[in-house]
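So for the sequence shown, this note's numbering puts the first residue at 11; every next one is plus one.
We put the CB at the ideal spot given by N, CA and C, even for glycine.
The structure appears right after this line, and notes come after that.
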Amino acid sequence: MIAECVARPGREDRLRTTLEALIEPSLEEPGCLAYRPYADPNNPGHMVVVAEWTGPEALARHGATPHVHHARQVLDLVLAEPMAVRRLVVQGALAQGALAQEPVAQESVSEGLAAEGLASEGLAAEGLAAEGLASDGLASSK
Numbered sequence: 011m012i013a014e015c016v017a018r019p020g021r022e023d024r025l026r027t028t029l030e031a032l033i034e035p036s037l038e039e040p041g042c043l044a045y046r047p048y049a050d051p052n053n054p055g056h057m058v059v060v061a062e063w064t065g066p067e068a069l070a071r072h073g074a075t076p077h078v079h080h081a082r083q084v085l086d087l088v089l090a091e092p093m094a095v096r097r098l099v100v101q102g103a104l105a106q107g108a109l110a111q112e113p114v115a116q117e118s119v120s121e122g123l124a125a126e127g128l129a130s131e132g133l134a135a136e137g138l139a140a141e142g143l144a145s146d147g148l149a150s151s152k
């Protein structure tokens, strides 16, 4: 899975800390083989997360975890545009089991948030306004 994120101006550090806060709990999940956020050295507001899972079921479980749910709420306030998520599959000699059967898909996280009733308007009512981001519990421990 590859997720591209572009921060709103002034929210670059918040994007980085939010994605970094997902590393440890994601790596502890069954089926997570790798979870790495990367920053563009020429544009710190542009980050890419590269994650590898044992199969589509593990990725689906990841998306349903409380830490991902919370991060999506924060990212809805931090991102300048919808996150582009691409699910890729191993091909050729490297293809294995369910990974070889899973189709490539692209989706917008913002569309998913709207479907879950997590649009920006609802976040303010839940106390997740932009001013409160520092106290939401996703600050990096580094």
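- Note that the C-beta distance between Ala-13 and Ala-61 is below 9 Å.
- Between Leu-43 and Thr-64, the C-beta gap is smaller than 9 Å, which places the two residues in contact.
- Apart from sequence neighbours up to five positions away, the residues of its chain that approach Asp-50 with a beta-carbon distance below 6 Å are His-56, ordered along the chain.
- Around the CB of Val-100, fewer than 16 other CB atoms lie within 10 Å, so the residue is classed as exposed.
- With a beta-carbon spacing of about 6 Å, Val-59 and Leu-29 fall inside the 8 Å limit used to define contacts.
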